[in-house]
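Visitor:
Residue numbers (the numbering used here): 4 to 311.
And the structure:
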């Protein structure tokens, strides 16, 4: 649907395009000022808050731009102990640009730490994901949808009454187990799926439990005998789906070994980083020993301490 961009590539723009654009941008401040003066009530409050945030961001950007090559005094670089006389009146200096590049490098390292096996996935159209189901006496109502992809449905799931059910998940495309590969052990295990943590396509697909390529799922690893640093048995860990289950007839996934896993996956973009604090984590897990999974201590194995 990028026909406008295609036309611009072939035929270029109008001769006066850039002049008109410049004038429009110059007039924008006057127009926004007039709107701000006329507006009142709650809308005015919302508008002023928005413009205030924009101005703050603009000031920060301008300040960062001005200081990028500025030498700043840095007392931390002065060595301790005796100094020669010619160094007594000198101050340590740091370059803001070097500092900025160091911060950028740190961010890159952090992103690499929390990376997932498939950081980018292909976007799936709604027509491909859902099939329209016609209902009613004369088949004129078209508000129902049938999910055409593999799905995960919890054990305690009960279907809604037929007249209330908007999304139909076929039994033939429901999966309860996944073939999970451990990257360090180079071994594959068939593990039970506990839930769908994040589908990169849409939050709605996550809620429906749709399993597409790149989806982060939670699997039961209690059979593998994995333990935390505190000696608790690990119950659930995250894995990422690496195949197309609706085509292959099975769910293949790669276990994630890092302490945290990114859940900000989206279609065709490198994921941002956010820590997961999984539900039901023990005190030791919350303190940082195992933040990405919850432990089956008293909940599943009684009150006795579990050691390996």
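In this text, a Cβ means the ideal position worked out from N, Cα and C, and glycines have one as well.
Please go through the stretch 165-231 and give each complete alpha helix (DSSP H) segment of 4 or more residues, from N-terminal end onward.
Guide: Taking only runs of at least 4 residues, the alpha helix (DSSP H) segments lying wholly in the stretch 165-231 are 206-211.
Visitor: Quick check: what's the CA-CA separation for residue 250 versus residue 153?
Guide: Going by the C-alpha atoms only, they are around 9 Å apart.
Visitor: So, are the CB atoms of residue 235 and residue 219 less than 7 Å apart?
Guide: No.
Visitor: Going by alpha carbons, who is nearest to residue 223 out of 211, 52, 256?
Guide: It is 256 whose Cα lies nearest to the Cα of residue 223.
Visitor: Short check: CB of residue 204 to CB of residue 106, under 7 Å?
Guide: Not in contact: residue 204 and residue 106 (Cβ atoms no closer than 7 Å).
Visitor: By Cβ distance, which residues of its chain are closer than 8 Å to residue 252, with the 5 residues on each side in sequence left out?
Guide: Cβ within range, chain order: n/a, list empty.
Visitor: Within the same chain, show all residues whose beta-carbon is closer than 6 Å to that of residue 183, passing over the 5 residues directly before and after it, in chain order.
Guide: Result list for residue 183: 192, 194, 222, 242, 256, 258, in chain order.
Visitor: With DSSP as the reference, label residue 59 as helix, strand or coil.
Guide: Residue state, collapsed to three classes: helix.
Visitor: Please list the terminal residues of the continuous alpha helix (DSSP H) segment that includes residue 132.
Guide: Looking at the DSSP string, the run of the alpha helix (DSSP H) that includes residue 132 is 129-132.
Visitor: By DSSP, does residue 64 sit in helix, in strand, or in coil?
Guide: Reduced to three states, the DSSP call for residue 64 is helix.
Visitor: Do residue 151 and residue 134 have their CB atoms nearer than 7 Å?
Guide: It is a contact, given that the beta carbons lie within the stated cut-off.
Visitor: For residue 6, collect the residues of the same chain with a Cβ closer than 8 Å to its Cβ; drop the 5 residues on either side in sequence, then sort them by chain order.
Guide: Same-chain partners within the cutoff: there are none.
Visitor: Going by the DSSP bridge assignment, what does residue 258 pair with across the sheet?
Guide: DSSP, once it has assigned bridges, lists 242 as partnering residue 258.
Visitor: Is residue 148 helix, strand or coil by DSSP?
Guide: The answer is strand: DSSP assigns residue 148 an E or B state.
Visitor: Given this structure, state the Cα-to-Cα distance separating residue 167 from residue 146, to the nearest angstrom.
Guide: Using only the alpha carbons, I get a separation of about 11 Å.
Visitor: Please identify the residue among 239, 186, 230 whose C-alpha is closest to the C-alpha of residue 197.
Guide: Looking at the Cα atoms, 239 is the closest of the given residues.
Visitor: With DSSP collapsed to three states, give me the class of residue 153.
Guide: In this structure, residue 153 counts as strand in the three-state DSSP scheme.
Visitor: My guess is that residue 211 and residue 172 are in contact by the Cβ rule of under 8 Å, so how many angstroms apart are they, rounded?
Guide: Indeed they touch by this definition, with Cβ atoms about 7 Å apart.
Visitor: Identify every residue that forms a DSSP beta bridge with residue 119.
Guide: Residue 119 is not bridged to any residue.
Visitor: Is the distance from the Cβ of residue 121 to the Cβ of residue 217 below 7 Å?
Guide: It is a contact, given that the beta carbons lie within the stated cut-off.
Visitor: Do residue 155 and residue 227 have their C-beta atoms within less than 7 Å of each other?
Guide: No, Cβ-Cβ distance for residue 155 and residue 227 is not below 7 Å.
Visitor: Assign residue 89 to buried or exposed, taking buried as 16 or more other Cβ atoms, counted over all protein chains shown, within 10 Å of its Cβ.
Guide: Exposed is the call here.
Visitor: Bridge partners of residue 138, per DSSP?
Guide: Bridge partners of residue 138: 144.
Visitor: Give me the Cα-Cα distance between residue 123 and residue 148, rounded to the nearest whole angstrom.
Guide: Approximately 27 Å, taken between the alpha carbons.
Visitor: Using only the alpha-carbon positions, how far apart do residue 230 and residue 237 sit?
Guide: Each residue's alpha carbon lies about 5 Å from the other.
Visitor: Shortest alpha-carbon distance to residue 254 belongs to which of 232, 177, 185?
Guide: Measuring from the Cα of residue 254, the nearest candidate turns out to be 177.
Visitor: Nearest by alpha-carbon distance to residue 3: which of 38, 125, 165 is it?
Guide: Look at the range of the chain in this structure, 4 to 311, and you will see that residue 3 is not part of it.
Visitor: In the structure shown, what three-state DSSP assignment does residue 22 receive?
Guide: The answer is helix: DSSP assigns residue 22 an H, G or I state.
Visitor: Between which two residues does the alpha helix (DSSP H) holding residue 87 run?
Guide: No alpha helix (DSSP H) holds residue 87; DSSP gives it neither H nor E.
Visitor: In terms of residue numbering, what span does the alpha helix (DSSP H) encompassing residue 162 cover?
Guide: Note, residue 162: premise wrong, no alpha helix (DSSP H); not H, not E.
Visitor: Round the Cβ separation of residue 246 and residue 187 to the nearest angstrom and send it over; I've been treating them as touching at under 8 Å.
Guide: Contact flag wrong, Cβ pair sits at about 21 Å.
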